[in-house]
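**Student:** Structure incoming, see below.
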Amino acid sequence: MNTTLQILAEALDGIQSDMYSAEQRWASFLEKIHPGQRASALNLLHYLTLRCSDLRDLQDDLHQAGLSSLASSESHILRQIQAILERLGHPPAAAAPPCDYLSASRLLQHRANTLFGPKVNQHIPHLMVTFENALATDYGRVKSLVQAGMNVARINCAHDGPEVWKGMINKIRKATRATGHPCKIYMDLAGPKIRTTLLGKGRKEGIMKLKPRNRFWLCEADADFKKTEKVVGCILPGIIADLKPGERVLFDDGLFEAVVEETNGTKAALRMTRISAAKPRLKPEKGINFPDTDLKVQSLTAFDKSVIPFVRENADLVGFSFVRQPADVLELQELLRHGPDRPLPLILKIETFEAVQNLPALLLQGMQESVFGVMIARGDLAVEIGFERLSEIQEEILWICEAAHVPVVWATQVLESLNKSGIATRSEVTDAALAAHAECVMLNKGKHLLNVLASLRDILHRSGGHHVKKRYIFRPLAIAERFMRIPPVLSN
Numbered sequence: 070m071n072t073t074l075q076i077l078a079e080a081l082d083g084i085q086s087d088m089y090s091a092e093q094r095w096a097s098f099l100e101k102i103h104p105g106q107r108a109s110a111l112n113l114l115h116y117l118t119l120r121c122s123d124l125r126d127l128q129d130d131l132h133q134a135g136l137s138s139l140a141s142s143e144s145h146i147l148r149q150i151q152a153i154l155e156r157l158g159h160p161p162a163a164a165a166p167p168c169d170y171l172s173a174s175r176l177l178q179h180r181a182n183t184l185f186g187p188k189v190n191q192h193i194p195h196l197m198v199t200f201e202n203a204l205a206t207d208y209g210r211v212k213s214l215v216q217a218g219m220n221v222a223r224i225n226c227a228h229d230g231p232e233v234w235k236g237m238i239n240k241i242r243k244a245t246r247a248t249g250h251p252c253k254i255y256m257d258l259a260g261p262k263i264r265t266t267l268l269g270k271g272r273k274e275g276i277m278k279l280k281p282r283n284r285f286w287l288c289e290a291d292a293d294f295k296k297t298e299k300v301v302g303c304i305l306p307g308i309i310a311d312l313k314p315g316e317r318v319l320f321d322d323g324l325f326e327a328v329v330e331e332t333n334g335t336k337a338a339l340r341m342t343r344i345s346a347a348k349p350r351l352k353p354e355k356g357i358n359f360p361d362t363d364l365k366v367q368s369l370t371a372f373d374k375s376v377i378p379f380v381r382e383n384a385d386l387v388g389f390s391f392v393r394q395p396a397d398v399l400e401l402q403e404l405l406r407h408g409p410d411r412p413l414p415l416i417l418k419i420e421t422f423e424a425v426q427n428l429p430a431l432l433l434q435g436m437q438e439s440v441f442g443v444m445i446a447r448g449d450l451a452v453e454i455g456f457e458r459l460s461e462i463q464e465e466i467l468w469i470c471e472a473a474h475v476p477v478v479w480a481t482q483v484l485e486s487l488n489k490s491g492i493a494t495r496s497e498v499t500d501a502a503l504a505a506h507a508e509c510v511m512l513n514k515g516k517h518l519l520n521v522l523a524s525l526r527d528i529l530h531r532s533g534g535h536h537v538k539k540r541y542i543f544r545p546l547a548i549a550e551r552f553m554r555i556p557p558v559l560s561n
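Basically this note's numbering = 1-based index in the sequence shown + 69.
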């Protein structure tokens, strides 16, 4: 073996040793993992070990040598390293890896089908549609959605109530019986409702005009203030106590950005630093985000707990909003275990920066059950981490979830313009193609859902012919075939 290949082998052997060491360090925790998740937990630990180092030079050297550069090996990383070492003349490893490419692919596909149900076209992700309350009484439209390829119906428990939800569910069940096409029911727990009210100036009009550099108050409902002051109320108590000077506060999907200047009991003085809205007017019932604040608010609210019996009885999947720490997951897991024997899988919604930071721990906690999923809630996540970082972070979530063999739902504003106006934008078509990296794609409610489903199926089918997850594959290219069949006449 020449010197270059020997150096590569030594580097890979060192990585393999680090992976075995990680298994030993986490041995006690691995005992808590569901038996069916053990291989996935081991592979996740191996992948996280790998990603603690800068491997770019090693990858270039591997590629130059005609060997796998370890890219697109998230699902079976130890086996990939062992395979390269075998090509370099090392004997096969004594201990079998937790999974290889084929077994990992089958495992992820099985879990996706368990969560989201069977599907006709195996080459595109499952399709999830968010229901609006009008569908509770519109059987014809629900049936059309099922026929158009909807695999999962999403009901948001932050809106309406059990009577409307039951109407939606009855229509879905009826449509699946009539068409023979299965459709899972996914219910999103509301989570803590962190939204605005107007308590001072502008309260009667329902709008508060703001300008950059304006100073205003963020208060809880019982705070003292003058009616002439600009005051935004936060309907969730306990938030103000967690704020610290210098932390950012974002309103209305990030259109308004302010910074905390001081806090005083149940109110905080904020300074407006940026307004990106066309009209600088803040209204009630707009979302508030605290990307820099360590919030003590509970992820699972009293309302969430009150609707769990209904969800357990009627849903196939339950979405966990505002999940941030493993303890949050454990709390809901224990509540669901006290129900009927029918298991109700969790979908962990990653929508805060804290959830991103804790993602590996959240996945390992989820692995105490036989199957669960992750939703990349890109709307709230973009507000929390900034649009500039979203493309990077959503890819990292996909990589880590693939290493854990966890099905992913790609959510928020997929083909949003087409859904609302009937006309797609170039950028959202490109974005929709990226959704093929996930196991399920979620659509928001809109007037043109049937057109969106048809367009999305077409986009995903074309995109899926070029890659599996993030591994690019080579199907025949019509451009190449045409050129090679009929050589062009080149000008002198």
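From the three backbone atoms N, C-alpha and C, an ideal C-beta is built for every residue, glycine too.
The model shown is predicted, which means the values in this text are computed figures rather than measured ones.
Do R350 and I276 count as a contact pair if the criterion is CB distance below 9 Å?
**Tutor:** Yes, they are a contact pair.
**Student:** In angstroms, rounded to a whole number, what distance separates the CA positions of N239 and E508?
**Tutor:** Cα to Cα, N239 sits roughly 26 Å from E508.
**Student:** Tell me the rounded alpha-carbon separation between R393 and F185.
**Tutor:** Computed Cα separation, rounded: 24 Å.
**Student:** Okay, do the stretch 127-144 and the stretch 71-85 touch, 3+ Cβ pairs below 8 Å being the bar?
**Tutor:** With a cut-off of 8 Å, the stretch 71-85 and the stretch 127-144 count as touching, because enough Cβ pairs lie within range.
**Student:** Quick check on this structure: which residue in V215, V498 and F359 has the alpha carbon closest to the alpha carbon of R264?
**Tutor:** The shortest Cα separation from R264 among V215, V498 and F359 belongs to F359.
**Student:** Under a three-way DSSP split, which group does G236 fall into?
**Tutor:** Of the three classes helix, strand and coil, the one that applies to G236 here is helix, per DSSP.
**Student:** Under the DSSP definition of a beta bridge, which residues are partnered with M553?
**Tutor:** Partner(s): none; M553 has no beta bridge.
**Student:** Quick one, which of G209, K299, R242 and G158 has its alpha-carbon nearest N71's?
**Tutor:** With distances taken between Cα atoms, N71 lies closest to G158.
**Student:** Do you know offhand how far V498's Cα is from I254's?
**Tutor:** Looking at the two C-alpha atoms, the distance is approximately 27 Å.
**Student:** From which residue to which residue does the alpha helix (DSSP H) around H530 run?
**Tutor:** Looking at the DSSP string, the run of the alpha helix (DSSP H) that includes H530 is L518 to G533.
**Student:** Look at the Cβ atom of L522, then the Cβ atom of A501, and state whether they are nearer than 9 Å.
**Tutor:** No, the Cβ-Cβ distance between L522 and A501 is not below 9 Å.
**Student:** Roughly how many whole angstroms lie between the Cα atoms of L111 and G302?
**Tutor:** Rounded to whole angstroms, L111 to G302 spans 47 Å at the Cα level.
**Student:** When the Cα atoms are used, what is the spatial distance from P104 to L487?
**Tutor:** Going from the Cα of P104 to the Cα of L487 covers about 44 Å.
**Student:** Any idea which residues DSSP pairs L319 with across the strands?
**Tutor:** DSSP, once it has assigned bridges, lists E326 and N358 as partnering L319.
**Student:** Just to confirm before moving on: does the CB-CB distance between L214 and A222 stay below 9 Å?
**Tutor:** Yes, the pair counts as a contact, with Cβ atoms nearer than the cut-off.
**Student:** Taking the beta strand (DSSP E) that V477 belongs to, which residues open and close that run?
**Tutor:** Residues V477 to A480.
**Student:** Output yes or no for whether 9 Å exceeds the beta carbon distance between L287 and A337.
**Tutor:** Contact: yes.
**Student:** Given a threshold of 16 other Cβ atoms within 10 Å of its Cβ, counted over all protein chains shown, does M197 qualify as buried or as exposed?
**Tutor:** Buried is the call here.
**Student:** Counting only the same chain and skipping the five closest in sequence on each side, list residues whose C-beta sits under 7 Å from that of A504.
**Tutor:** The residues are P194, W479, V483, V510 and L529.
**Student:** Residues in the same chain with beta-carbon distance under 6 Å from L176, minus the five sequence neighbours each way, listed in chain order, please.
**Tutor:** So the list reads H474, once near-sequence residues are dropped.
**Student:** Checking 9 Å against the spacing of the C-beta atoms, do D257 and V440 come in under that value?
**Tutor:** No, these two residues do not count as a Cβ contact at 9 Å.
**Student:** Does DSSP put T183 in a helix, in a strand, or in coil?
**Tutor:** Helix, per DSSP.
**Student:** Going by the C-beta, is P160 closer than 8 Å to any heavy atom of the ligand ATP?
**Tutor:** By its list of ligands, the structure shown contains no ligand whatsoever, and the ligand ATP lies outside what it can speak to.
**Student:** With DSSP as the reference, label E79 as helix, strand or coil.
**Tutor:** Helix.
**Student:** Could you pull the start and end residues of the alpha helix (DSSP H) that F422 belongs to?
**Tutor:** From DSSP, the alpha helix (DSSP H) with F422 extends over F422 to Q426.
**Student:** Can you give me the C-alpha to C-alpha distance between L279 and M341, rounded to a whole angstrom?
**Tutor:** Near 8 Å, if we compare the C-alpha coordinates of M341 and L279.
**Student:** Give a yes or no on whether the C-beta atoms belonging to Q402 and Q367 are separated by under 9 Å.
**Tutor:** Not in contact: Q402 and Q367 (Cβ atoms no closer than 9 Å).
**Student:** Rounding to the nearest angstrom, what Cα-Cα distance links T73 and I542 in this structure?
**Tutor:** The straight-line gap from Cα to Cα measures roughly 29 Å.
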